[in-house]
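Shown next, in C-alpha cells, is the structure this report addresses.
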Amino acid sequence: MTAIAETEPETETKTDYKRIIKDGLWDNNSVFCMILGMCPTMAMTTSATNGLGMGLATAVVMAASSLLVATFRNWITQEVRIPVYILIVAAMVTLVDLTMNAWMHELYKVLGLFIPLIVSNCLPLARLEAFAAKEPVLPSLMDGLFMGIGFTLSLTLIGAVREIIGSGTLFADASLLLGPAFKFMELRILPADTGVLMAVLPPGGFLATGLLLAGKRILDLRAGKAISMGGAHSV
Amino acid sequence: MSGQPSKHHSPFKHAGILGGFCLGFGIVLAVTDILTADAILQRGDDDKRTSLDQVIPAGLHDNNPLADTIAVTGHDGKPVTVFRATRDRKVTAVAYEIEGNGYAGEVRLMLGVDAEGRVLGVRPLAHKETPGLGDKIEPSKTDWISRFTGLSLGNPPVEKWKVKKDGGQFDQFSGATITPRGVVGAIRGGLEFFAANKARLVEVR
C-alpha cells in the first residue's frame, strides 16, 4: 500500500485502485481470507453454476449498496449507521429481486432462489462498515464490486471442485444462467454415476472450502507473504 | 469504531435521519413494485402455462386451460384447482397439482389426465430431494417420470401402483426409494381423485 493512499484517502486521483482490486480478488478475499459469507458459500456451491449465480447476484448488491453508502456517508450519523446500512442492503436486494423477476425472468428462475439469501450474508455489511462508510464514492464502488467478484470467483471454484467430485460434471446448466451461447461450458469430466455423493452434500462444502483455504495459504507462504487472518476491518 | 469523533446529536436528529432513509427507500421500493407488478403477474402465468403445456398436449384443446379452472375438494378436504382443456366444448383433459412425501419434504407435481382417466404426463414443479439420488424424478436428469404416460388406475391394477421394493411394478432408484415411493403414491392418489370426481371434472358445459 502506498503511503499516499493511506494518508489522503479523500483524494480520488491518488486512491490505490490496484490495491483495492488485489485485496478483493486475493489478498483479502472474502471467503478464503476474511472467512465471511459462509452461509451462502456452504449452501449454494453444489455446482459451479450455482456458485457463479450466487456470486454475481451478491456482487451486484454489494456494488450498489457501497455506492449508496459512500454517497450518503456524511449524512449518516454513527449511532444509526447500522440500521441504515441494513436498510440499504435490504432495499437493494428487494430491488434486484423485483426487477429481475419482471424483466429477466429466465435468469430469475435460476437465480431467484439465491437473491433473498444475500440479506443473510454479512459480507456486504462488513464492507460497508469497513470501507464505504469512510471512503469516497468511486473507490467504494470499486471495493464493493471487486469484493463481490472475489466472492464470485471463490464460490465458483468451490462449486467446481464439489461438482467435479460429486457429479462428474462442470458448469452443468450454465446455459440456463448465462444464455444458450454458453452451452460449450457444460462439460462432463467423469463418467455418469461415478461421483462421490458426499461432495455435493453439506459435509462436502466444509471439506472443499477447508482444503482450498489451506491451498491458498500454501501458495501465499511460497510467495513469501506473511500469513495473517484477514479481518473485515483491515482495509 | 472508526476514527470519526462522535458529535453529540439529539436523539431526534438520529430518528430523523433513520426515518428519512426509511421513507426514501420505502418510496423507491413502492414505485418499483408498482412498475413491476403487472410484468411479474404475467411471468407467473407464463410459467404455469409452460408446465400445463407439458402435461396436456396442445392438440387436445382449443381453449385456454389456464383460464378455465374449477375448484374441487380433494379427499383430504383441501380444495384442488383443476385446469380443464376442452375441444368443441367437451372436456378432453384436466390437469392439477398433486403432492407426495419425498425424502426432504413434499414433492409437488403437475398431473395431466385425459377424459378416460389415463395419465397424459407428470412433471415435478418443486422438490428438495437429494441431488444425484432423489432428483432423478426430473425429466432433465432421467426419463423415469415419462414411464407413467398412458397408465391408468386399472393399468396396472391398483395393488401394483407401488415401487418394486413394496411389491409394485415401478422402479426405484439405487440408493433412493423414498422419493419414487412418494411420487408413485402421489400419482395414484391423483388418479383416485380423478375417479372420485370424474362426473364433475368432465361435465359438458
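Residue numbers (the numbering used here), protein chains in the order written: chain C, 1 to 235; chain G, 1001 to 1205. Don't be surprised by glycine CBs; every beta carbon is placed ideally from N, CA and C. Just so we're clear, the structure is a prediction, and the values are computed from it rather than from any experiment.
{"Asked": "Unbroken alpha helix (DSSP H) runs of length 4 or more, entirely within the segment 130–171 of chain C: which are they?", "Found": "137–167"}
{"Asked": "Any beta-carbon of chain C closer than 8 angstroms to the one on residue 1018 of chain G?", "Found": "yes"}
{"Asked": "Pull up the CB-CB distance for residue 31 of chain C and residue 120 of chain C, whole angstroms please, since I reckon it's below 8 angstroms.", "Found": "Wrong, their Cβ atoms sit about 15 angstroms apart, outside the cutoff."}
{"Asked": "Is the Cβ-Cβ distance between residue 168 of chain C and residue 194 of chain C less than 8 angstroms?", "Found": "yes"}
{"Asked": "Can you check whether the CB of residue 1080 of chain G is closer than 8 angstroms to the CB of residue 1194 of chain G?", "Found": "no"}
{"Asked": "Got a sec: is the Cβ-Cβ distance from residue 1173 of chain G to anything in chain C below 8 angstroms?", "Found": "no"}
{"Asked": "Looking at the C-beta of residue 1107 of chain G, does it have a partner C-beta in chain C at a distance below 8 angstroms?", "Found": "no"}
{"Asked": "Short check: CB of residue 53 of chain C to CB of residue 150 of chain C, under 8 angstroms?", "Found": "no"}
{"Asked": "Within the segment 1065–1151 of chain G, note down every full alpha helix (DSSP H) run reaching 4 residues or more, in order along the chain.", "Found": "none"}
{"Asked": "Do residue 1186 of chain G and residue 1130 of chain G have their CB atoms nearer than 8 angstroms?", "Found": "no"}
{"Asked": "Could you give the residue range of the alpha helix (DSSP H) that holds residue 1160 of chain G?", "Found": "Run containing residue 1160 of chain G: none; DSSP gives neither H nor E here."}
{"Asked": "So, helix, strand or coil for residue 73 of chain C, using DSSP?", "Found": "coil"}
{"Asked": "Between the beta-carbon of residue 1105 of chain G and the beta-carbon of residue 1141 of chain G, is there less than 8 angstroms?", "Found": "no"}
{"Asked": "Closest Cβ-Cβ distance between residue 1132 of chain G and chain C: below 8 angstroms?", "Found": "yes"}
{"Asked": "So residue 964 of chain G contacts chain C; which residues on that side make the cut at Cβ distance below 9 angstroms?", "Found": "Lying outside 1001 to 1205, the shown extent of chain G, residue 964 of chain G is not represented and no answer is given."}
{"Asked": "Would you kindly report the start and end of the unbroken alpha helix (DSSP H) that includes residue 99 of chain C?", "Found": "81–103"}
{"Asked": "Smallest Cα separation from residue 1093 of chain G: which of G/1164, G/1045, G/1150?", "Found": "G/1150"}
{"Asked": "From residue 75 of chain C to residue 69 of chain C, what does the alpha carbon distance come to, in whole angstroms?", "Found": "10 angstroms"}
{"Asked": "Would you call the segment 1049–1068 of chain G and the segment 1082–1099 of chain G touching, i.e. three or more CB-CB distances under 8 angstroms?", "Found": "yes"}
{"Asked": "Taking DSSP's pairing of strands, which residues face residue 187 of chain C in a bridge?", "Found": "C/170"}
{"Asked": "So if I threshold CB-CB distances at 9 angstroms, which residues from the segment 159–193 of chain C count as touching chain G?", "Found": "166, 167, 173, 193"}
{"Asked": "What residues from the segment 1029–1043 of chain G come within 7 angstroms of chain C, judged by C-beta to C-beta, listed N to C?", "Found": "1029, 1032, 1033, 1036, 1039, 1040, 1043"}
{"Asked": "Could you check where the alpha helix (DSSP H) with residue 35 of chain C kicks off and where it finishes?", "Found": "Taken as a continuous stretch (DSSP letters only), residue 35 of chain C belongs to no alpha helix (DSSP H), as it is neither H nor E."}
{"Asked": "Could you compute how far the alpha carbon of residue 1014 of chain G sits from the alpha carbon of residue 46 of chain C?", "Found": "43 angstroms"}
{"Asked": "Evaluate residue 162 of chain C with the Cβ neighbour count: other Cβ atoms within 10 Å of its Cβ, from every protein chain shown; 16 or more gives buried, anything less gives exposed.", "Found": "buried"}
{"Asked": "With DSSP run on the structure shown, which of helix, strand or coil describes residue 1176 of chain G?", "Found": "strand"}
{"Asked": "Would you kindly work out how many angstroms separate the C-alpha atoms of residue 1180 of chain G and residue 178 of chain C, rounded to a whole number?", "Found": "32 angstroms"}
{"Asked": "Counting only the same chain and skipping the five closest in sequence on each side, list residues whose C-beta sits under 7 angstroms from that of residue 1188 of chain G.", "Found": "1161"}
{"Asked": "Considering just the uninterrupted stretch of the alpha helix (DSSP H) at residue 124 of chain C, what are its terminal residues?", "Found": "122–127"}
{"Asked": "Quick check: the Cα distance between residue 66 of chain C and residue 1099 of chain G, rounded to an integer number of angstroms?", "Found": "44 angstroms"}
{"Asked": "Check the C-beta distance from residue 1066 of chain G over to residue 1090 of chain G and give it rounded, since I have them as a contact under 8 angstroms.", "Found": "The pair is not a contact, with the Cβ atoms about 18 angstroms apart (cut-off 8 angstroms)."}
{"Asked": "Note down, in chain order, each residue of its chain lying with its Cβ closer than 6 angstroms to the Cβ of residue 1190 of chain G, except the 5 sequence neighbours on either side.", "Found": "1098, 1111"}
{"Asked": "Can you check whether the C-beta of residue 46 of chain C is within less than 8 angstroms of a C-beta belonging to chain G?", "Found": "yes"}
{"Asked": "Quick one: is residue 1014 of chain G near chain C, going by C-beta distance under 8 angstroms?", "Found": "yes"}
{"Asked": "Secondary structure at residue 8 of chain C, three-state DSSP: helix, strand or coil?", "Found": "Confidence at residue 8 of chain C is low in this model, with a pLDDT of 44, below 50, so the placement of that residue should be treated as unreliable; the coordinate-derived value is given next. Of the three classes helix, strand and coil, the one that applies to residue 8 of chain C here is coil, per DSSP."}
{"Asked": "Check for me: the alpha helix (DSSP H) holding residue 1030 of chain G runs from which residue to which?", "Found": "1011–1055"}
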